[in-house]
Every structure is written in C-alpha cells, then in structure tokens.
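Counting in the numbering used here, the sequence shown runs from 1 upward without gaps. What follows is a single structure, written as structure tokens, with notes after it.
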Amino acid sequence: MKTKYALIVLLAITFWGCDDNTAGLGLGMFPGSDQNINGKLSTFDVTTESVHAGEIYAMTNIGYVGKFTDEIFGTYQAGFLAELNCPSGMTFPGVYDGTALDEEKKATRVMVGDDNEDNKDVTFIRDDNNKIIGNIHTIELYLWYSSYFGDSLTACRLSVYELSENLDTEHAYYTNINPENYYDHADPNSLLGTKAYTAVDLSVKDSIRNLSTYVPSVHVSFRDEAAKEIGKEIIKKANELGVNLDNKEFRKIFKGIYVKSDYGDGTVLYINQAQMNVVYKCYAVDTITGLKLQKKVAEENGEYKDSTYYGYRTFATTREVIQANQLENDKVAIQNCINKSEWTYLKSPAGIFTQLTLPVSQIAEKLQGDTLNAVKLGIPIYNETSDKKFGMSTPNNVLLIRKK
C-alpha cells in the first residue's frame, strides 16, 4: 500500500516539475548586449494601375487556335503560323521499273509508275523528259492536341492557308504578328483546306478516347488541286536532290502554314504538333526478289491484280523550325478595363498587366540604418464572379518582373 502512495506522489512531482516552454532556450549563450533586441513592423502602400500588355515575345512549341468570348474582357481569338521540318537525309521511294531493288539490293523502288485504269486515284509526276518519277495521292494535315480551354462540344471550324513569305526569327515570335504579311488572303488558291470539329470528338468510341495512348487531333485534307501541286513540287525536288534535301531547300517549295479559326466561339485548342503527310501509292513487293506481289483474292473476272498500299512522308512542327502564335484581344473591352480606377486587372495572354509602383524612396528614408529581417509583398486578389460555366479562371502562378 505504501508503495502505491509513493508512486502517486512521484507522478505528481513529475507533472509539477515539467515545463515545455522553450522560449528562452539558448538565450543564455548570447552576450548580454544581444538579449534585448526589439523588432518592429513597417507597412507601406503600393500603387497599382492596369496597362496594355502590348506585344509579347512568346517563343513556344504550342500552337493556339480558336475563339473565346468573356463577358469582361471581350473576344479573344488565336491562330498560329508554322514552318514544317524536313528531316535531314529524307528521301522518297523510287518508281518501280521491273524490280524494286536498287544498286544496293534494297527494295526502295516501290512507288507505282503505271499510268493505267487501276491507278486513277493518283496523279503521276514527270520530269523534264516526261519520265514518271513518282505519284501523289493526297496531302493530309493532323493537328495533335492534348488539352483545350472552354466548351468541349462547341461546333468550330478552322482553315489552313499556305504561306507565301518566309517567317523570320526577328518578328515571328511576337504575339502581335500580322498573318496577312505572310500569306495572300486575297488569293483563293492559298486556302489548303478547312475542317469542322469539336474539342471532344464524339464519333470516337469512349473505349478509344479513354485509352492512355489516345491523342485527339483535327484532320484536314488538302484541296485536291493544292495537294497535287505541292506534292508534285516536293517529290520533284526530292528526286533532284536525294539525301541533300534539307529545310533550306524545302522552304523554297513550301514555306509553311497558317491555321486560322473562322467559325465557332467557346473553345481554344492547344496544338502540340502539326503533322503534314505527303501520301503516295506503292506496290507491295518481295524484298528478296524485288518483284511485285499480287492480291490473294481474284477480281470478278478471275484476274489477280497487283497488291498496293499508300505510303507517306511526314513534315512536322519541331523545335528546329519557327512556330508563331497570333493572339488578338478585343481592344474596346480591354481599354474599358484599363480605364477603371476602382481596381486593376491581370488578363493573359497578351492582354492586361498590373503595374506596381513601390515607394522605394519612402522605404529607404524610414528604414535607414535598420536591418531588414524579412520583406513581404501582399496583393489582395478579387476574382470576378460569373455564372458562366466556361469562364476565365484565376491563374495559379504570377510572374513579377522589374520594369526597365
């Protein structure tokens, strides 16, 4: 029993003697003159104003296309201009001339060269001596995107134009680039093709769209005449230069594309890559003998025709070539926001900046001789309320840049 009371007394002494207050921990190690340091807090007002963002240098590998109207900032429209990269050393197959084998015994001469009824789906390309050097079936453009802004089911349409002038690095990367300086908008032949689309393609099965490997795209087929003319020039130049065909030579034939939104409001696509496929027709051949293969199923007349397929060469937007975004805001709506004095705005891309003016002289005068332990800049944010389902949201990150 005495042991029991002894334990109770010991526990009481323990709780009475413990103190978890560490406020003065370590102060005894400092000299006496350093133990009476007093801190103070000073606050200074920062003035703000809305200013035009103006032209923004926007070197990016993402192309923006679409249109979106916001009830505050008005209509924002985006399109992009891009060169297409010609891979170094790229060649086209040669024309089949009795055998597909070349001098190195490789089956590289597989392109169809027989101008007959079975090959009316292609246009044959001839050299200056009227010799067939290739064929062109069509040209396709795929605009691959992984994300978008706005309504997934808004009906939209885009048009693709051929550039008539080369893009230059000095001016192309600014957001106020004028596309009309680089393509002939008055020439109907500059139009390569159009395509209606929605950001989410409901014609694709859910089981396909939900795959981790699925990447949506807008598929544009070039006009027949445009495909024939461009394809002819590319294959002729490739036949002439062989492995020496490069971006410099390719740019003489095809300077690039301008992708423009011309219908629909509510969706902006973020294009990761534009891919142009030059499609041609080939024979299926035996890679050992070099001879054409025939179809295994006979026609109605009992004839076995040659087995053929469509091949293509790809020219795509890459970091080696120029891609320029043209971003256009509603000037009237932007100016109305700038004119308001109650608050300032931050609108991107290439819309409105909030310019901060720090009272540097006042700070220096008041805190002269003091040691600063910490400085914090606090900016209250008031997000505009809206009942619209697809409105512009507050950005997650903001960059503060010193004005020169």
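Virtual Cβ for every residue (Gly too), placed ideally from N, Cα, C. The model shown is predicted, which means the values in this text are computed figures rather than measured ones.
So, at 7 Å on beta carbons, what are the nonlocal neighbours of residue i in its own chain, with the 5 sequence-adjacent residues on each side left out?
{"i": "residue 362", "result": "44"}
{"i": "residue 57", "result": "173, 174"}
{"i": "residue 118", "result": "305"}
{"i": "residue 130", "result": "none"}
For the candidate residues the options, whose alpha-carbon lies nearest to that of residue i?
{"i": "residue 162", "options": "68, 273, 154, 141", "result": "141"}
{"i": "residue 147", "options": "289, 273, 310", "result": "273"}
{"i": "residue 151", "options": "67, 60, 129", "result": "67"}
{"i": "residue 214", "options": "168, 154, 145", "result": "145"}
{"i": "residue 322", "options": "248, 341, 305, 282", "result": "248"}
{"i": "residue 315", "options": "245, 307, 328", "result": "245"}
{"i": "residue 288", "options": "104, 205, 312, 91", "result": "104"}
{"i": "residue 95", "options": "88, 111, 341, 89", "result": "111"}
{"i": "residue 286", "options": "42, 392, 307, 250", "result": "307"}
{"i": "residue 358", "options": "341, 342, 378", "result": "378"}
{"i": "residue 42", "options": "375, 392, 101", "result": "375"}
{"i": "residue 120", "options": "364, 129, 135", "result": "135"}
{"i": "residue 109", "options": "168, 292, 167, 203", "result": "292"}
{"i": "residue 261", "options": "341, 197, 217", "result": "197"}
{"i": "residue 169", "options": "206, 252, 81", "result": "81"}
Whole angstroms are fine: how far does the CA of residue j sit from the CA of residue i?
{"i": "residue 76", "j": "residue 187", "result": "26 Å"}
{"i": "residue 443", "j": "residue 277", "result": "This structure gives no information on residue 443, because the portion of the chain shown stretches from 1 to 404."}
{"i": "residue 300", "j": "residue 180", "result": "54 Å"}
{"i": "residue 55", "j": "residue 349", "result": "10 Å"}
{"i": "residue 222", "j": "residue 230", "result": "10 Å"}
{"i": "residue 226", "j": "residue 335", "result": "42 Å"}
{"i": "residue 177", "j": "residue 337", "result": "24 Å"}
{"i": "residue 164", "j": "residue 193", "result": "16 Å"}
{"i": "residue 158", "j": "residue 200", "result": "15 Å"}
{"i": "residue 232", "j": "residue 224", "result": "12 Å"}
{"i": "residue 330", "j": "residue 313", "result": "40 Å"}
{"i": "residue 211", "j": "residue 160", "result": "29 Å"}
{"i": "residue 328", "j": "residue 403", "result": "24 Å"}
{"i": "residue 339", "j": "residue 149", "result": "28 Å"}
{"i": "residue 97", "j": "residue 87", "result": "27 Å"}
{"i": "residue 69", "j": "residue 380", "result": "26 Å"}
{"i": "residue 392", "j": "residue 190", "result": "34 Å"}
{"i": "residue 208", "j": "residue 53", "result": "41 Å"}
Under 8 Å Cβ to Cβ from residue i, same chain only, skipping five residues before and after it: list those, please.
{"i": "residue 115", "result": "124, 132"}
{"i": "residue 346", "result": "352, 353, 354, 395, 398"}
{"i": "residue 373", "result": "39"}
{"i": "residue 126", "result": "132, 133"}
{"i": "residue 294", "result": "304, 305, 306, 307"}
{"i": "residue 202", "result": "153"}
{"i": "residue 298", "result": "304"}
{"i": "residue 102", "result": "94, 108, 109"}
Would you say residue i faces chain D, with C-beta separation under 8 Å as the test?
{"i": "residue 303", "result": "Among the chains of the structure shown, chain D does not appear; only one protein chain is present."}
Taking a contact to mean a Cβ-Cβ separation below 8 Å, would you say residue i touches residue j in this structure?
{"i": "residue 284", "j": "residue 73", "result": "no"}
{"i": "residue 85", "j": "residue 318", "result": "yes"}
{"i": "residue 309", "j": "residue 137", "result": "no"}
{"i": "residue 290", "j": "residue 107", "result": "yes"}
{"i": "residue 304", "j": "residue 182", "result": "no"}
{"i": "residue 270", "j": "residue 139", "result": "no"}
{"i": "residue 237", "j": "residue 122", "result": "no"}
{"i": "residue 91", "j": "residue 242", "result": "yes"}
{"i": "residue 254", "j": "residue 235", "result": "no"}
{"i": "residue 264", "j": "residue 155", "result": "yes"}
{"i": "residue 356", "j": "residue 65", "result": "no"}
{"i": "residue 325", "j": "residue 99", "result": "no"}
{"i": "residue 371", "j": "residue 49", "result": "no"}
{"i": "residue 240", "j": "residue 167", "result": "no"}
{"i": "residue 143", "j": "residue 218", "result": "yes"}
For residue i, report the span of its beta strand (DSSP E) as first-last.
{"i": "residue 233", "result": "Looking at the DSSP string, residue 233 is not in any beta strand (DSSP E); the run it does join, the alpha helix (DSSP H), is 224–241."}
{"i": "residue 156", "result": "156–162"}
{"i": "residue 281", "result": "267–283"}
{"i": "residue 259", "result": "257–263"}
{"i": "residue 353", "result": "352–357"}
{"i": "residue 324", "result": "323–328"}
{"i": "residue 247", "result": "Counting along the chain, residue 247 falls outside any beta strand (DSSP E), though it belongs to the alpha helix (DSSP H) covering 247–253."}
{"i": "residue 411", "result": "Within the shown structure, residues of the chain are numbered from 1 to 404, placing residue 411 beyond reach of any answer."}
{"i": "residue 123", "result": "123–126"}
If you follow the alpha helix (DSSP H) that residue i is part of, which residue opens it and which one closes it?
{"i": "residue 333", "result": "331–339"}
{"i": "residue 82", "result": "Not the alpha helix (DSSP H): residue 82 falls in the beta strand (DSSP E), residues 74–82."}
{"i": "residue 360", "result": "360–366"}
{"i": "residue 208", "result": "206–209"}
Near residue i, what residues of its chain come up, given a Cβ to Cβ distance below 6 Å and the 5 sequence neighbours on each side ignored?
{"i": "residue 51", "result": "353, 355"}
{"i": "residue 220", "result": "141, 160, 193, 195"}
{"i": "residue 296", "result": "none"}
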